[in-house]
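In the numbering used here, the protein residues as written are 1 to 133.
(1) If residue 43 and residue 128 are in contact, beta carbons under 8 angstroms, what's the gap, nearest whole angstrom?
(2) Does DSSP classify residue 54 as helix, strand or coil?
(3) How is residue 43 classed by DSSP in three states: helix, strand or coil?
(4) So, are the CB atoms of residue 41 and residue 53 less than 8 angstroms apart?
(5) Whose C-beta lies closer than 8 angstroms to the C-beta of residue 46 among residues of the same chain, with five residues either side of it excluded?
(6) Alpha carbon to alpha carbon, how far is residue 82 from residue 17?
(7) Take residue 5 as the anchor and find which of 86, 95, 107 has the nearest alpha-carbon.
(8) Which residues in the same chain as residue 125 place their Cβ atom closer than 6 angstroms to its Cβ, once the five residues preceding and following it in sequence are excluded?
(9) Roughly how many angstroms separate the alpha carbons of residue 96 and residue 84, rounded to a whole number?
(10) On the criterion of 16 or more Cβ atoms from any shown chain inside 10 Å, does residue 79 qualify as buried, or is it exposed?
(11) Rounded to whole angstroms, what is the Cα-Cα separation between residue 56 and residue 70?
(12) Among residues of its own chain, excluding the 5 on either side of residue 108, which ones have a beta-carbon nearer than 7 angstroms to its beta-carbon?
(13) Going by beta-carbon coordinates alone, are residue 150 and residue 117 separated by less than 8 angstroms?
Have a look at this one:
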């Protein structure tokens, strides 16, 4: 039975990692595409339609980045709970020496870096086009 619980926790950790990757990549790719589109429209001139489209993309950036940040926060919390359970299981089985508990702190740093990357690319995607304009 313990093997099945272990497999389930490891499977959840893998799913968590894939989901986090999707959040990060989606937000960053959208930010970069929007940066290009809005910069192109900003350099084209002061058309009212272009301004409306630019603000629409800004709203899209804000929503997608907000969802990605919340998803990453929840993913970090979920990973922490899963790893805590895994560490407890390892301790109960007498094999806790094979997993370095300091890795949990490394995961926190990694999540913070992911969140920073999403935030900074989002800010740049908003600020640069309006600076060009």
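Even for Gly, the Cβ is constructed at its ideal location relative to N, Cα and C.
Keep in mind it's a predicted model, so treat the numbers as computed, not measured.
On the basis of the supplied data:
(1) Contact between residue 43 and residue 128 is ruled out by a C-beta separation of about 11 angstroms, above the 8 angstroms threshold.
(2) helix
(3) helix
(4) yes
(5) 133
(6) If you take the alpha carbons of residue 82 and residue 17, they lie about 12 angstroms apart.
(7) Here the closest residue by C-alpha is 86.
(8) Closer than 6 angstroms at the Cβ level, and outside the excluded window around residue 125, lie 31, 34, 35, 61.
(9) 11 angstroms
(10) buried
(11) 21 angstroms
(12) 76
(13) Since the first residue shown for the chain is 1 and the last is 133, residue 150 is missing from the structure and cannot be characterised.
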